[in-house]
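Structure first, commentary second.
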Amino acid sequence: DRFCFEGFLPVKKGRQTRLKALADESRTLVFYESPHRLLKTLHEFADTFGGERLASVSREISKVYEETIRGTLAEVIAHFEEHPIKGEFVVCVQGLG
4 DRFCFEGFLP VKKGRQTRLK ALADESRTLV FYESPHRLLK TLHEFADTFG GERLASVSRE
64 ISKVYEETIR GTLAEVIAHF EEHPIKGEFV VCVQGLG
């Protein structure tokens with residue numbers, strides 16, 4: 004029912020601290036991410052939140068090549084390890100509980 008918009012995570016300082024603080028968040032988490040950091044971020048999400056947490060990754064929202072991939076974090080990671088990563092991304096991660 005509710006979500007928590009986090010925008011872009013810090014690139015370096017405070018990144019892990021922010022993720023750990025969000026690990027117990029019950030609301031859906033919404034992030035922006037750039038193509039060159041997407042896989043790293045998804046792996047960090049899986050490490051922090053658990054690979055079985057549900058997620059959706061949308062690229063190029065409201066543009067010609069709009070696409071959304073849904074599944075567990077592990078499934079979404081597997082998809083992007085096999086397909087080119089282009090565009091700007093919105094990542095939604097299921098809240099705890």
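Mapped onto my numbering, the consecutive letters of the sequence shown carry residue numbers 4 to 100.
No residue lacks a Cβ here, since even glycine has one placed at the ideal position from N, Cα and C.
Here the structure is a predicted model, which means the values were calculated and not measured.
Whole-Å CB distance - residue i paired with residue j, under 8 Å assumed
{"i": "Leu22", "j": "Glu84", "result": "With 8 Å as the limit, Leu22 and Glu84 do not qualify as a contact, their Cβ atoms being about 21 Å apart."}
{"i": "Gly10", "j": "Phe34", "result": "7 Å"}
{"i": "Phe92", "j": "Arg62", "result": "5 Å"}
Buried versus exposed call for residue i [16 or more other C-beta atoms within 10 Å across all chains shown]
{"i": "Phe8", "result": "exposed"}
{"i": "Ala24", "result": "exposed"}
{"i": "Phe6", "result": "exposed"}
{"i": "Thr44", "result": "buried"}
{"i": "Ala58", "result": "buried"}
{"i": "Glu36", "result": "buried"}
{"i": "Val94", "result": "buried"}
Within 7 Å, strictly: CB atoms of residue i and residue j
{"i": "Val96", "j": "Val79", "result": "no"}
{"i": "Thr31", "j": "Gly74", "result": "no"}
{"i": "Pro13", "j": "Ile88", "result": "no"}
{"i": "Gly53", "j": "Ala77", "result": "no"}
{"i": "Thr51", "j": "Ala26", "result": "yes"}
Strand pairing of residue i, partner residues [DSSP]
{"i": "Thr20", "result": "Answer is none; Thr20 lacks a bridge partner."}
{"i": "Gly155", "result": "No statement about residue 155 is possible, as the shown extent of the chain runs from 4 to 100 and does not include it."}
Requested in this report: With a floor of 3 residues, list each beta strand (DSSP E) that falls wholly inside the region 24-71, ordered by position along the chain.
Outcome: Counting whole runs of 3 or more residues, the region 24-71 contains the beta strand (DSSP E) stretches 31-36 and 57-62.
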